[in-house]
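Working notes, beginning with the structure itself.
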Amino acid sequence: MENEESVPDQKSPNTGQSSAVTKNGASPQFLSLVESALLEGRSHSIVESFVRDNRFRKKTIPLNYAEDKERIRICLNNADKRIAELMRDGLELIEDVRVASDRHEVERRMAEADIKESLLSKIHTESVDSVAKFQTTYEKWTEIKDLKDPMLMNDELQLQKNRVEELLKQKDIIIAECRKELQAADDRYARDIRKQIVDIQSLVHRADTEVEAMKSILKENLDLIQGTVEEERVILQNAANFNWNDVYAKRATNERIKVKQKKERLLANLTEIEQIELDYVETTRATRIKLDKDTQALAIELQKIKTNTTLNSEKLDYSFQVLKKREDENLMVKNAQKRRLAKLHETIFTLRNKLKDTKMTYYIETEKMAKVIEKLHHSVDHIRSKLECSKKAYDKRVRSIWNLNRDECFEIIQSISAIDKVLVEQHLNRKWTNNLGAISDLLFNYDPLCTPKLPSTAKTKRSLTNSKEEEQHDFCRLKNLLEQSRFLSDKKLEVALKDRQIDGCGMTLICMDNVLNALGIDSMDGVRQLQSTHSDVQNLNNVDEACSTSEMSSSDNKEIEVNHKALTTSRDLLALKMFCEDDDEVLQGQSEVKPEPKLTLSDTRKFWASFKNIFLPNQMKVWDTMEESLSKYLQVLRERQSLDEECSFLRKQNQELQHIMQKMLIKPSNDDF
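Heads up: the sequence shown begins at 1 in full-length UniProt numbering, then just goes up one per residue.
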């Protein structure tokens with residue numbers, strides 16, 4: 001390789017000198033030559049031939065370069081394989097050491113666990129024995145206390161002393177064993193530490209040997225790679241020198257050609273310069289004459305401008321004086337305005353201060369009033385709480401008394417109904433009607449602390465009779481509403497009201513959802529309230545119409561129907577206004593506490609007096625007649641009882657007389673015998 005490098009160096013000394021010259025001083029000439037060559041056709045052919053030669057030359061170099069590259073790749077692969085083997089051997093060694101250390105650690109822990117378990121079992125058995133012995137000694141102490149003989153006490157004390165010494169000896173033996181185990185554990189720990197130190201030293205030695213081996217292998221691989229790279233560099237350098245020599249030779253030929261072309265161009269340029277100088281002299285003469293004429297015209301125009309400037313300066317002086325006077329006047333006006341603004345600012349400042357003072361006083365007063373109102377609210381709440389407590393106690397007392405009276409009354413009514421049942425079914429042989437359910441409902445549903453809301457029969461009858469009239473009245477009102485409204489139809493209402501023959505009026509229904517939402521109606525109670533207010537307004541309007549109809553003519557009376565109740569804007573507005581006012585009153589009334597209605601003494605008396613009329617007068621008459629008959633029947637029974645008693649008394653007397661007669665008859669017969 002060194003011989004190959006020296007041969008091209010000996011062959012091209014001149015080329016090296018030429019390259020040095022071109023690098024130092026001829027680079028701009030070379031650039032100019034290349035630019036000119038690009039412009040000419042001849043230079044184009046030279047460049048094309050140079051490129052063609054380069055193409056043919058490059059085919060030999062990449063083959064050697066690819067071979068060298070493959071050789072470098074083979075070296076790198078071999079180095080990677082050797083390093084991977086070393087790494088695998090090192091990892092296996094480390095894994096073996098780790099497994100061995102883990103095995104030693106597991107064995108050590110198992111041995112320690114066995115020793116610990118045996119020691120704990122010994123300690124446990126010893127503790128159980130010692131506790132039993134301690135219990136016996138403790139019991140002996142109580143027995144010794146009860147003894148009165150000093151000799152026996154001395155013997156027992158000696159025995160207790162022996163027992164205590166035995167306990168202490170047993171404890172000393174256990175302590176000695178524990179100490180031995182601790183010493184053995186310390187010895188094992190020291191032995192393990194020494195073993196670990198030896199293992200670590202061996203690991204370090206092995207790691208050092210592995211590192212040294214890897215270093216040597218890496219060094220060998222690096223030397224191989226450097227040698228191959230150096231060989232490749234020399235080959236590439238020789239190829240590049242060969243190419244550069246060709247390039248320098250072609251550049252020298254191109255320079256000679258360009259020098260000749262440059263000389264020819266210089267001669268042509270010199271002739272062109274002489275022609276241009278002649279043309280320049282002629283053009284300068286013409287321009288000089290023209291410029292003289294222009295200067296004369298400009299001098300005349302300058303004189304005119306001077307006269308105009310003097311006139312304009314006088315005008316400017318006059319206008320300046322006028323503007324100065326106006327400026328003085330404006331200053332006077334501005335000063336006056338400033339004074340006015342200062343006065344206004346002062347007034348604003350005083351008003352703001354007054355406003356702040358009034359706000360502060362108002363705030364203080366409001367705070368005072370708020371505190372007073374809070375105190376009043378607290379007192380009112382306290383009084384209300386007291387009233388509620390007293391009310392609850394009173395209600396409880398009243399309810400207890402009421403329940404006693406109610407139970408007593410119900411028991412009396414039950415006994416009366418039982419007697420009535422017996423009388424009706426047994427004596428009168430009729431079917432008895434049971435009214436205890438209605439009476440019990442009336443008694444148990446009655447609240448003594450608020451007014452009862454029991455529907456009367458008259459109201460129910462009236463509601464049943466007037467339901468059809470109200471339906472007809474509502475449908476008449478819907479028909480009138482259809483006649484007045486001409487937009488926003490509701491299909492469901494049309495389908496629902498087909499059978500009511502409302503389609504005959506030829507109108508549509510209003511969709512009242514938005515109207516009801518605007519009025520705040522969410523349920524049927526609000527709709528009924530609105531209907532009631534509308535009916536009240538309609539009644540008032542009907543009264544007014546009745547007054548006005550007496551004055552109207554007979555022809556107008558034929559046209560107006562009695563049942564026609566058309567909706568007008570005035571009526572609707574009045575009804576809605578009354579509904580909103582009633583709604584506001586209801587909302588205000590809800591915020592206030594409504595006292596519950598209480599029963600008076602007269603109401604309770606009326607309630608209890610109503611039980612007098614529970615039973616019909618026919619029943620009362622029957623009971624009276626039955627009472628009279630039963631009383632007579634009782635008298636008859638009493639007389640019969642008295643007669644029975646007399647009869648029984650007479651029977652007894654008769655029996656006694658018969659007995660006496662028999663005795664009397666038996667005695668004379670005996671005497672005869």
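Note that beta-carbon positions come from the ideal geometry of N, C-alpha and C, so glycine has one too.
Here the structure is a predicted model, which is why all the values come from computation and not from measurement.
How would you label residue i, buried or exposed, when you count the other beta carbons within 10 angstroms and need 16 or more for buried?
{"i": "Lys-258", "result": "buried"}
{"i": "residue 751", "result": "Within the shown structure, residues of the chain are numbered from 1 to 673, placing residue 751 beyond reach of any answer."}
{"i": "Asp-420", "result": "buried"}
{"i": "Ser-591", "result": "The pLDDT assigned to Ser-591 is 41, lower than 50, so where the model puts this residue is not dependable, and the model offers no usable value."}
{"i": "Ile-560", "result": "Confidence at Ile-560 is low in this model, with a pLDDT of 39, below 50, so the placement of that residue should be treated as unreliable; the coordinate-derived value is given next. Flag for Ile-560 reads exposed."}
{"i": "His-659", "result": "exposed"}
{"i": "Ser-463", "result": "Annotation note: pLDDT 39 at Ser-463 (below 50); position unreliable, coordinate value reported separately. So Ser-463 ends up on the exposed side."}
Could you give the distance in angstroms between the alpha-carbon of residue i and the alpha-carbon of residue j?
{"i": "Ser-127", "j": "Leu-168", "result": "12 Å"}
{"i": "Glu-282", "j": "Asp-292", "result": "16 Å"}
{"i": "Arg-265", "j": "Gln-237", "result": "41 Å"}
{"i": "Arg-88", "j": "Glu-112", "result": "36 Å"}
{"i": "Arg-285", "j": "Asp-279", "result": "10 Å"}
{"i": "Gln-619", "j": "Leu-443", "result": "21 Å"}
{"i": "Ile-94", "j": "Glu-105", "result": "16 Å"}
{"i": "Gln-662", "j": "Leu-650", "result": "18 Å"}
{"i": "Leu-270", "j": "Lys-260", "result": "16 Å"}
{"i": "Lys-145", "j": "Val-131", "result": "21 Å"}
{"i": "Ala-207", "j": "Arg-233", "result": "38 Å"}
{"i": "residue 730", "j": "Arg-399", "result": "Since the displayed the chain opens at 1 and closes at 673, residue 730 lies outside it and no answer follows."}
{"i": "Asp-644", "j": "Ser-417", "result": "35 Å"}
{"i": "Ala-100", "j": "Gln-196", "result": "11 Å"}
{"i": "Asp-102", "j": "Asp-199", "result": "13 Å"}
{"i": "Phe-607", "j": "Glu-365", "result": "56 Å"}
{"i": "Ser-642", "j": "Lys-652", "result": "15 Å"}
{"i": "Ser-118", "j": "His-205", "result": "41 Å"}
{"i": "Ile-300", "j": "Val-333", "result": "50 Å"}
{"i": "Glu-656", "j": "Thr-433", "result": "57 Å"}
{"i": "Tyr-248", "j": "Ala-239", "result": "15 Å"}
{"i": "Thr-309", "j": "Phe-320", "result": "16 Å"}
{"i": "residue 674", "j": "Glu-277", "result": "The shown model of the chain, from 1 to 673, leaves out residue 674, and the question about it has no answer."}
{"i": "Leu-404", "j": "Asn-654", "result": "60 Å"}
{"i": "Tyr-189", "j": "Leu-86", "result": "35 Å"}
{"i": "Arg-179", "j": "Lys-171", "result": "12 Å"}
{"i": "Ala-336", "j": "His-345", "result": "14 Å"}
{"i": "Leu-120", "j": "Met-110", "result": "15 Å"}
{"i": "Leu-267", "j": "Thr-287", "result": "31 Å"}
With distances taken from CA atoms, which of the options is nearest residue i?
{"i": "Cys-409", "options": "Gln-183, Phe-611 and Tyr-633", "result": "Phe-611"}
{"i": "Ser-202", "options": "Asp-96, Ser-121 and Ala-297", "result": "Asp-96"}
{"i": "Asn-221", "options": "Thr-287, Ala-342 and Asn-78", "result": "Asn-78"}
{"i": "Ala-84", "options": "Ser-118, Leu-157, Thr-209 and Met-214", "result": "Met-214"}
{"i": "Thr-625", "options": "Glu-301, Glu-639, Glu-374 and Val-424", "result": "Val-424"}
{"i": "Ile-614", "options": "Tyr-633, Leu-665 and Gln-414", "result": "Gln-414"}
{"i": "Thr-125", "options": "Glu-156, Arg-179 and Ile-174", "result": "Ile-174"}
{"i": "Lys-219", "options": "Asp-603, Ser-379 and Arg-82", "result": "Arg-82"}
{"i": "residue 713", "options": "Ser-602, Leu-634 and Val-229", "result": "Nothing in the structure corresponds to residue 713, since the chain is present only between 1 and 673."}
{"i": "Lys-431", "options": "Ile-289, Val-422 and Glu-143", "result": "Val-422"}
{"i": "Leu-436", "options": "Thr-350, Asp-223 and Glu-411", "result": "Glu-411"}
Rounded to whole angstroms, how far is the Cβ of residue i from the Cβ of residue j, which I believe are closer than 8 Å?
{"i": "Thr-137", "j": "Arg-108", "result": "About 42 Å; that fails the 8 Å criterion."}
{"i": "Gln-160", "j": "Lys-140", "result": "6 Å"}
{"i": "Lys-122", "j": "Glu-177", "result": "7 Å"}
{"i": "Ile-225", "j": "Leu-76", "result": "7 Å"}
{"i": "Ile-115", "j": "Glu-181", "result": "6 Å"}
{"i": "Glu-231", "j": "Gly-90", "result": "At roughly 33 Å, the Cβ-Cβ gap does not stay under 8 Å, so Glu-231 and Gly-90 are not in contact."}
Taking 7 Å as the line, does the beta carbon of residue i fall inside it for any heavy atom of the ligand HEM?
{"i": "Ala-111", "result": "Questions concerning the ligand HEM fall outside what the structure shown contains, since it holds no ligand whatsoever."}
Query raised in the report: Could you give the uninterrupted runs of the alpha helix (DSSP H) lying entirely in the region 288 to 367, keeping only those of 4 residues or more?
Result: Qualifying alpha helix (DSSP H) stretches: none in this window.
Requested in this report: May I have a chain-ordered list of the beta strand (DSSP E) segments no shorter than 3 residues that lie completely inside the region 397 to 455?
Outcome: Listed in chain order, there is nothing to give.
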